[in-house]
Structures are given as C-alpha cells and as structure tokens.
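Engineer:
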Amino acid sequence: MAEIPFPLPDLGEGLIEATVLEWLVAEGDQVERNQPLVEVETTKSAVELPSPQAGRVARTYGEPGETINVGEPLIVFEVPDNTAGIVGTVPQEAPARRRVRLTAVPDED
Amino acid sequence: MSEQPSGAVASSDLEAAARNTEQTAAQEQSSPAPSPEDGAGRMENLSMQAALNRALAETLAEDPRAVVLGEDVGRLGGVFRITDGLQERFGADRVFDTPLAESGILGMSVGLAMAGFHPIPEVQFDGFAYPAVNQIVTQLARMNYRSRGTMPMPVTLRVPSFGGIRAPEHHGESLEALFAHVPGLKVVSPSSPHEAYHLLKHAVAVPDPVIFMEPKSRYWQKGDVFPDDAGPLQGAKVVRPGRHVTLVAWGAMVARCLQVAELAAEDGIEVEVLDLRWLKPIDAEGLAASVARTRRAVVVHEAPLTSGLGAEVAALITERCFDTLRAPVGRVTGFDVPYPSGDLEDEYIPNIDRILFGIQRVLEYRRG
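Residue numbers (the numbering used here), protein chains in the order written: chain A, -10 to 98; chain B, 129 to 496.
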C-alpha cells in the first residue's frame, strides 16, 4: 500500500487558509474520485472539497473550527501499490486468446 | 565516476574527443560477468515501477552528481510513482519539481550537464516530449559534437512511453523512430523489471544523452529482478529461442510476442523472440545472428508503419541475411493515423491475432 497526501489547495485567488466546518468522510472510509470530502470556510465562502482521487482515507487533519494553511496536509489517502497513475488505468493481465491458427508448414531444407 | 571525462585541460579538442569516445567504448564493454559460483545471486520479485524507483534511488545514493527533475517528480513522487519518496530521502535540491514546460526541463538539463551534473529529467508522458524536441535535437544531441567532445551530455531522459492504459490523446505515443533518427542520441526501452533496473542504472552512467522509453503498460506487472547479475547491457537479447521465425520487438510488445510464441508452439511453430532493447544503436549483429538461424523475421511495434523503426530493422536484416532469408521481413505495426483514444486502443496496437497473421504470411511465402 502507498500513501498519497493531499494538501489544502488555494481555494480562491491568493487565499492563504481555510477553516474546517465539517468532515464528510472519516478515517478508514473508502472514497471515490469527486466525492465530497470536507466542507471548509474561507474568507470568501464556504465550499465542499471534492476528492482528487479514489482511495481509503488514512488520516484527516483539522477538527471543525480549526484553521489549516494552504499547502499544509489536509488528508492522506491509502491506495494499493498497483493503483493507476493520475491518467489512465492499470491494464489487466488477461489469458492469451486468439482466433488465428498457424497452418503453414515451414520447409526445412 | 570513471566514465565522466576528467576536468583536466586537453591539449587539443580532438584529443579530448578521442578520449571521451574511448571512455565510452571501454565503459560499454565493461558489463560485469555473472559469477558461476554465486549463480544468479539475490533475486527479488518487483514491479517495473518499483525496479525503476530502486534504480533511481541507488543512482542518487551512489552518484552525488545525479539529479532528478520534472513535473510532479518531487512532492508527488511522479504520476506513476517512479520517483516516490526520492525527494524526501535525497532533498529538494536533488529531486525537484519543475514548471509545466518541457522545453525548460530539457534546457535546464543541458545546462546542468554543462556544469558537470548527471541530470535525469522526466517528461510525464511521451506526447509531452514534443514541446522539448527543439532542446533535445538542437542542443542535447549535438553539444558533445559541437564542443569537439569537451562538453558531453550525460543526460538520461525518462519518458513513460507507448500505449495500453486507456489514456487520452498525447499519452500513448511511440517516439522511438523520431529520436533514433537524431545523431548523438541513444534510445533504449526495457521490457521487464529486471531490464528496467539495470538499463536505467546503465543509461545514467553512459556519457551520452539517452532517451529511456519506459513501457507504461508494463509498469505494474511483477518480474524477477537479479540486482547483482545485470548480464550484458548492450545489444539485443534472445528472450525465447526458436527455429522457424524471429519476432523482433521492444518495450511492451516483447511480452505480447512471448504470448504469441506460446500459442504458435501449439501449432508446431517455434518462434524466437528477440528483445531489441537498444533502438539506437540497433544491434545489427544480434539481429543477423538470430535471423541467420531462423531465416524468417517479423518486426512488431506500436508506432505507425510508415518510417517506423521496423523499416530500419527490416533493412538491417536484409543487408546481412539476404541470401538466406526465406521471405521478405514482415512488419506488424500500428496504423498510419494519430494514436487513437483509449476505446480504440486494442484495434490499433498489434494484437495476438495480427502478429500470428504476420507470422503466417512469412511462413507461407514461397519464392518465384
């Protein structure tokens, strides 16, 4: 298993921090990409943060009411080692199937 | 490191060039011979991801002038986890994130190499090497030539390459013919975790710029890695012997050709699979040695047919084996279209049936 951290992004233009309002997932939860993770409040608005990826929630940072600086850890995902990169999927190893049979007999001279 | 040309002032540029060439040759011939007493030594079952990660970590630990740079290679650890944990271990001055500008990544690598470093840049996907082609072709590839051998470019450019992972446009390109055509570059593609581990470490030690094409569809499959037994690092490698026809492949197509060989054996056809490994320079003698035995050859690649590397392979075989060939060299390749989106990938990449057809055509060919 590999851990992938996700730091708090800049949610506006030049915002430096956000306050946690409510966690929508808990440690141990399996989350999907784009699933809402947490509601936070910035100086501009309250927003729900969608998950950047699928994985199991290993750790969350910040209780409701606590402030997190942009770039500091927000959540850590745990994913299997054979998880795909950010683009694409992991090819599945399928048994070799075919429709073509070789019929030619090579001459051996 | 002995392969780095010394900083001593050369009496002439040409002398320096000659010395550099000799060092290259000496270094390339010095692949460690496996010791019969030890057998194969340690063995580990690793994915290609893990094997590449380990090769980079060991390189950074052993070579203080090695640096890793690219988009997301630092804090994130790379989109394919190849550089996972390296920044944490070696620091952000040796493993660092760059802006999203491939020309800058390669330009910076050229400058670092001039300053005596051994840069290991990554472009995140094959299709994003295009923005860096100017730096690669006009600077990286010819700086050594331009400086009469006084300014070698020991740069290893890692490129996650080829298709097979259902990715969008620009994420499944095969660039080997493009780079193999450029004088001054070396091009290599590993087919297994063992090859990936050893060829990457070797590529970094080579004083020339090396384009290191990682078959991204093979990142996750595990294989046995023998860290103490590299075997020969130059040239092609017979990965399955056979006597009726030679399949020539590289990267992800090697595994597919091995599947084909297994199926062909059921039909009584013994297929030899040759992993070309080095796409520049191509091991012409290794090719000829295999085809001299089998007298038939089919080359398989994902890239489009026209002016693909298969044409070069076919020409090399024909030049050396014309008198004994039983059939013209066959080619089973991608099509002359832009690489398709993920849904059509299986129609584009040579599949088992197309490769079997290619073998059939060559087997049933008769002169006259």
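Glycine included, C-beta positions come from ideal geometry on N, C-alpha and C. In this text the structure is predicted, and so the values were computed from the model without any measurement.
Three Cβ pairs or more, each shorter than 8 Å: is that satisfied between the region 246 to 259 of chain B and the region 218 to 236 of chain B?
Structural biologist: yes
Engineer: Who are the near neighbours of Leu10(A) in its chain, counting only those whose CB is closer than 7 Å to its CB and skipping five residues on each side?
Structural biologist: Glu28, Val29, Glu30, Ala35, Pro53
Engineer: Enumerate in chain order the residues of its own chain whose CB-to-CB distance from Ala295(B) is below 7 Å, with the five nearest sequence positions on each side excluded.
Structural biologist: Gly470
Engineer: Below 8 Å on the Cβ atoms is my contact criterion, and I expect Cys519(B) with Val419(B) to pass it. Report the Cβ-Cβ distance as a whole number of Å.
Structural biologist: Here chain B covers residues 129 to 496 and nothing more, so residue 519(B) does not appear.
Engineer: Identify whether Asn479(B) lies in helix, strand or coil by the three-state DSSP scheme.
Structural biologist: coil
Engineer: With a threshold of 7 Å on Cβ separation, who are the neighbours of Thr101(A) within its own chain once the five nearest residues in sequence on each side are excluded?
Structural biologist: Coverage of chain A is limited to positions -10 through 98, which leaves residue 101(A) absent and any answer about it impossible.
Engineer: By the 10 Å Cβ neighbour count, where 16 or more other Cβ atoms means buried, how is Thr92(A) classified, buried or exposed?
Structural biologist: exposed
Engineer: Leaving out five residues on either side along the sequence, give the residues of the same chain with a beta carbon under 6 Å from the beta carbon of Val223(B).
Structural biologist: Hits under 6 Å: Val196, Gly202, Leu214, Gln215.
Engineer: Quick one: what's got a C-beta closer than 7 Å to Glu67(A)'s C-beta in the same chain, skipping five residues either side?
Structural biologist: Met(-10), Glu(-8), Gly44, Arg45, Ala47
Engineer: Counting only the same chain and skipping the five closest in sequence on each side, list residues whose C-beta sits under 7 Å from that of Gly379(B).
Structural biologist: Ser289, Phe290, Ser317, Ser319, Met341, Pro343
Engineer: Would you say Ala425(B) and Ile445(B) are within 8 Å of each other, going by their C-beta atoms?
Structural biologist: Contact flag set, yes.
Engineer: With 7 Å as the limit, tell me which residues of the region 367 to 396 of chain B have their beta carbon closer than that to any beta carbon of chain A; keep them in chain order.
Structural biologist: His372, Gln387, Glu390, Leu391, Ala392, Asp395
Engineer: Could you confirm whether any beta carbon from chain A is found closer than 8 Å to the beta carbon of Trp406(B)?
Structural biologist: With 8 Å as the cut-off, Trp406(B) does not count as an interface residue toward chain A.
Engineer: Could one say the Cβ of Ala93(A) lies closer than 8 Å to chain B's Cβ atoms, at least one of them?
Structural biologist: Yes, Ala93(A) lies at the interface with chain B (some Cβ there is under 8 Å from its Cβ).
Engineer: Measure how close the beta-carbons of Ala364(B) and Arg405(B) come, nearest whole angstrom, since I'm counting them as under 8 Å.
Structural biologist: 6 Å
Engineer: Going along chain A, which residues have a C-beta under 8 Å from Gln488(B)?
Structural biologist: Val89, Leu91, Thr92, Ala93
Engineer: Enumerated in chain order, which unbroken segments of the beta strand (DSSP E) with a length of 3 residues or greater are wholly contained in the region 420 to 494 of chain B?
Structural biologist: 425 to 432, 458 to 462
Engineer: Could you name the residues of the same chain whose beta carbon sits closer than 8 Å to that of Leu491(B), not counting the 5 residues immediately before and after it, in chain order?
Structural biologist: His372, Val373, Ile397, Arg424, Ala455
Engineer: Give a yes or no on whether 8 Å exceeds the smallest Cβ distance from Glu349(B) to chain A.
Structural biologist: As written in the sequence, residue 349(B) is Gln, which differs from the Glu given in the question. Closer than 8 Å to some Cβ of chain A, the Cβ of Gln349(B) qualifies, so yes.
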